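Input: a single structure, listed below in structure tokens.
Okay, structure coming up:
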């Protein structure tokens, strides 16, 4: 199948040939643009890495953009010692992974029901849940904190996992809804004729088709949970329950901030997200190629 | 098939994580339980842990805190402090603590928070403790009002004294370019023009911070009305009075002449200070706590000047901007050990003063210290000069964090920063400020 | 078939866990926002009911007008930048002929992965008027175009919108790319036979087929824009003055800086309504019918 895709696309060449001269110039400009934009997207990581070895003067005044003049490893030392890194790291991993799993589990079921099944109020409830996407988090912090206390969740992993999931469901359901609407109805019809029940159909036929979307959402939700700051700041009071973003507080003073050490902390905190992304992105890529084969 | 694997993998991961989460919460409950046991057996020998919410992120906050903890170990061997580091979040977290009934035993509060906490019963009245610990006796005459608030009660043990806004300048640069150190507004204007011509920034300011923009406006306002921004906070007078209008107009006039570095309202402390230290800026505005850093970087080139006076009111030389305000270490009324917490709060505040004096070259403190204490290093000349002038100061105002009306505080902070951009007009400034003040009265 | 799709028990099992969780954690606090918007309240004490006074005051507040305007600018900027550029980049990365397309696929998404604090600090350095990269480039090129990017009351909001658009372009890019890849190939085969150019094929096939994706992207860009907060919080503090306030920032400032929780909640309520209306309108405007291949 993959090769036939190539064949088809390759066979376009003769048509294009007729406009070749014109196309070449735009092509070169376009290619150039793609590479420039790629550089622009890649530079921040390099910059963050440089930054983590500098002091405040270099960061802001003498050398904001180039490589560091001296490698200040003490930034990493102070990031690692001031911060209970291993513990915070573990907390972040647990909270983020649990959020990803729970969010995907709930939102695939919910969006299947709203996108493909027929019941009264399906549109209403779909939009109802999408409200989660545009509630300013800062507005509900205090009510949320009271709620978490009343549910007896204070200073437990669930005190973060549950709010993160509840908020992420909105985004995930909207993405999944779009995907589910574009899968052909014949899938269920065939399953139905074969005598499969709805749950079998959902888990065996529909979910496999959602793989690219699910992998994409795994990335989105992971990033969301990993980098989340305002809710964690308000809800976590126990030092042993803190997540990585809260550790950045150690460097920010009222009048001065130790930006270099903060940069080092951010490098440490960013690595897992980059790895997680590259891994799942490759999954998406594979899934999409296979998914295309199923449909084509 | 692959999907099945993926799903089962995800499910297993989820289960694992949840069981982990479960474990985590369980162990937590257990520790919470043991914590309670300790409090029930409240004997002298048992170790008591007090939660404390405080700033702890740079030398100015870490050194006093660490010093206080060390001293506490000696004086109260059975007390442990559990530090919760304060976030730079405009008091959001503290407010949530109060709203959910989770206030730490001891916490730092600012002036405007005291009011809201008082109204909602979230702050302990410390009158008796101030007397029993002898804290009240140690106050200076001028710092009585930092402990005893307007309603006659004490809510927080202060440590910072009447700190001041200073205008620092580089003597060398003034000499080199033949500019007179300004004593009047016209001379200041001349200095701005001259420095601008030779490509030197006249006045560096970290105007990304809104308290310093408020302070700069206050410096101008106090040239005409010694009450400055504090008078408006107290509900006396109005923003449309001549003093406030003229101050805004004059400040904005200088801004248009190039008083500040370009992009000043987006400069942080490091950037603005570096302009001054590298002699790219002739003047710099900050609190008197800048004395130490500036002396380190510029040696005897740096000095502070009296704010230039205006023709309308030449006697304003000793009317200073800045000043102290109620605030410091407060205690939760819901604390299980509130008597002890109050004692400890007073103790810590006193030790903060000592640390600031001993290690931070800062003699502007809330309380008088034991004369036997001697700082590690001799005070810089600028501090000596300030100490000599202190008795002559006729009036002070307040820093932005010392204003009592939060609504007014936000308005003056936002508007004073706005005024430092060329495209804003003094008229807009006064209108918005006036609106905010009228809103307060409704 | 009908019975299959209207299986009540199945619907309940699919829908209820989400609805219960969402109602308790998100909707219940949301109701509190609306209720508190009718109170004069500092967030701690009892508070007094004052009817529509908070709302009446909103409409006279200059900051509120600035916030509304900035929200619209932000939303429009995000829509144009992210959906426009996201589409172009996704087309390129999906084209088998593009060399290094796997590299592009990963790199274009990377800014999303970084912490927003890092990204804001980077752009702060770039746009700094004294030490910034951008002004330096203009200087080197001999252009007299030095700008006070973030200290200008009219420009700051565009800079902030750009930073947000730039960082989160990856989301839209990834969604559109996934959408393109799931379009069956036989459509392109047909276009091939008709002799359409690749560009034409995209215009005639890809974009219409992506209407579900675009609807979602549009909701994401517009509500994201109206809701903008973090960039203001880190980069300008709403400044200079109040010129880069948005409704969320105004809510934050009123509730926590000014201690007027009730007033802040009125701004928040307005924001939620604004977003809800935008979502409903987008849902109506963009094609509703189910796509059948």
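Chains as they are written, first to last, in the numbering used here: chain A, 998 to 1293; chain B, 13 to 454; chain C, 70 to 362. Don't be surprised by glycine CBs; every beta carbon is placed ideally from N, CA and C. Here the structure is a predicted model, which is why all the values come from computation and not from measurement.
Does the distance from the C-beta atom of residue i to that of residue j stay below 7 Å?
i: residue 174 of chain B; j: residue 220 of chain B; result: no
i: residue 218 of chain C; j: residue 228 of chain C; result: yes
i: residue 1210 of chain A; j: residue 1173 of chain A; result: yes
i: residue 442 of chain B; j: residue 257 of chain B; result: yes
i: residue 214 of chain B; j: residue 99 of chain B; result: no
i: residue 1262 of chain A; j: residue 1245 of chain A; result: yes
i: residue 297 of chain C; j: residue 143 of chain C; result: yes
i: residue 1114 of chain A; j: residue 74 of chain C; result: yes
i: residue 1256 of chain A; j: residue 1072 of chain A; result: no
i: residue 358 of chain B; j: residue 61 of chain B; result: no
i: residue 1092 of chain A; j: residue 1158 of chain A; result: yes
i: residue 187 of chain C; j: residue 1045 of chain A; result: yes
i: residue 380 of chain B; j: residue 143 of chain B; result: no
i: residue 172 of chain C; j: residue 162 of chain C; result: no
i: residue 230 of chain B; j: residue 255 of chain B; result: no
i: residue 333 of chain B; j: residue 234 of chain B; result: yes
i: residue 438 of chain B; j: residue 260 of chain B; result: yes
i: residue 12 of chain B; j: residue 284 of chain B; result: Any property of residue 12 of chain B remains undetermined from this structure, which presents chain B solely from 13 to 454.
i: residue 339 of chain B; j: residue 155 of chain B; result: no
Rounded to the nearest angstrom, how far is the Cβ of residue i from that of residue j, given a contact under 8 Å?
i: residue 360 of chain B; j: residue 341 of chain B; result: 6 Å
i: residue 111 of chain B; j: residue 112 of chain C; result: 6 Å
i: residue 416 of chain B; j: residue 127 of chain B; result: 6 Å
i: residue 1041 of chain A; j: residue 183 of chain C; result: 6 Å
i: residue 107 of chain C; j: residue 118 of chain C; result: 6 Å
i: residue 1162 of chain A; j: residue 1099 of chain A; result: 5 Å
i: residue 232 of chain B; j: residue 262 of chain B; result: 6 Å
i: residue 1325 of chain A; j: residue 1127 of chain A; result: Only positions 998 to 1293 of chain A appear in this structure, which leaves residue 1325 of chain A out of reach.
i: residue 364 of chain C; j: residue 198 of chain C; result: In the structure as shown, chain C begins at 70 and stops at 362. Residue 364 of chain C is therefore absent and cannot be evaluated.
i: residue 183 of chain B; j: residue 315 of chain B; result: 6 Å
i: residue 222 of chain B; j: residue 446 of chain B; result: Contact flag wrong, Cβ pair sits at about 19 Å.
i: residue 399 of chain B; j: residue 383 of chain B; result: Not really, about 15 Å apart at Cβ, beyond 8 Å.
i: residue 463 of chain B; j: residue 356 of chain B; result: Absent from the structure is residue 463 of chain B, since the part of chain B shown begins at 13 and ends at 454.
i: residue 1105 of chain A; j: residue 1204 of chain A; result: 7 Å
i: residue 1137 of chain A; j: residue 102 of chain C; result: 6 Å
i: residue 1207 of chain A; j: residue 1176 of chain A; result: 6 Å
Per DSSP, which residues does residue i bridge with? Please list them.
i: residue 118 of chain C; result: C:108
i: residue 91 of chain B; result: B:60
i: residue 1171 of chain A; result: Answer is none; residue 1171 of chain A lacks a bridge partner.
i: residue 119 of chain B; result: B:65 and B:342
i: residue 263 of chain B; result: DSSP output for residue 263 of chain B lists no bridge partner at all.
i: residue 334 of chain B; result: B:176
i: residue 96 of chain B; result: B:65
i: residue 166 of chain B; result: B:160
i: residue 317 of chain B; result: B:179
Please determine whether the Cβ atom of residue i lies at a distance below 6 Å from any heavy atom of the ligand ZN.
i: residue 1061 of chain A; result: As presented, the structure is devoid of all ligands, the ligand ZN included, so that no description of it is given.
Please determine if the region 168 to 187 of chain C and the region 235 to 250 of chain C are in contact, where contact requires at least 3 C-beta pairs separated by less than 8 Å.
-> Three or more pairs of CB atoms, one per stretch, sit closer than 8 Å, so the region 168 to 187 of chain C contacts the region 235 to 250 of chain C.
Using 8 Å as the threshold, is the region 1058 to 1078 of chain A in touch with the region 263 to 273 of chain C, meaning 3 or more CB pairs across them?
-> no
Which ranges would you report for the alpha helix (DSSP H) in the region 267 to 314 of chain B if only whole runs of at least 4 residues count?
-> 281 to 289 and 303 to 310
Are three or more beta carbon pairs between the region 120 to 133 of chain C and the region 1194 to 1202 of chain A nearer than 8 Å?
-> no
Got a sec: which bits of the region 322 to 343 of chain C sit with their beta carbon under 9 Å from any beta carbon on chain E, in order along the chain?
-> Chain labels in this structure do not include chain E; the protein chains are A, B and C.
Complete runs of the alpha helix (DSSP H) confined to the region 307 to 342 of chain C [at least 4 residues] = 316 to 321
Assess, as a yes-or-no matter, whether the region 298 to 311 of chain C is touched by the region 283 to 290 of chain C under the definition of 3 or more beta carbon pairs within less than 8 Å.
-> no
Should the region 420 to 431 of chain B be regarded as contacting the region 403 to 410 of chain B, the criterion being three or more beta carbon pairs within less than 8 Å?
-> no
Quick one: which unbroken alpha helix (DSSP H) runs of 4-plus residues sit fully inside the region 1138 to 1185 of chain A? Chain order, please.
-> Runs found: 1155 to 1178.
Between the region 265 to 278 of chain B and the region 194 to 205 of chain C, do at least 3 Cβ pairs fall closer than 8 Å?
-> The answer is yes - the region 194 to 205 of chain C touches the region 265 to 278 of chain B, with three or more Cβ pairs under 8 Å.
Ordered list of alpha helix (DSSP H) runs contained in the region 1060 to 1131 of chain A, each at least 4 residues | 1071 to 1079, 1082 to 1112 and 1119 to 1127
For the region 101 to 110 of chain B against the region 382 to 397 of chain B, are there 3 or more C-beta pairs whose distance is under 8 Å?
-> no
Between the region 338 to 345 of chain C and the region 311 to 323 of chain C, do at least 3 Cβ pairs fall closer than 8 Å?
-> yes
Alpha helix (DSSP H) runs wholly inside the region 208 to 277 of chain C, at least 4 long, in chain order = 225 to 250, 255 to 263 and 267 to 270
The region 64 to 81 of chain B touching the region 363 to 372 of chain B, judged by at least three CB pairs closer than 8 Å | yes
Length-filtered (4 minimum) alpha helix (DSSP H) runs lying within the region 181 to 208 of chain C | 185 to 196
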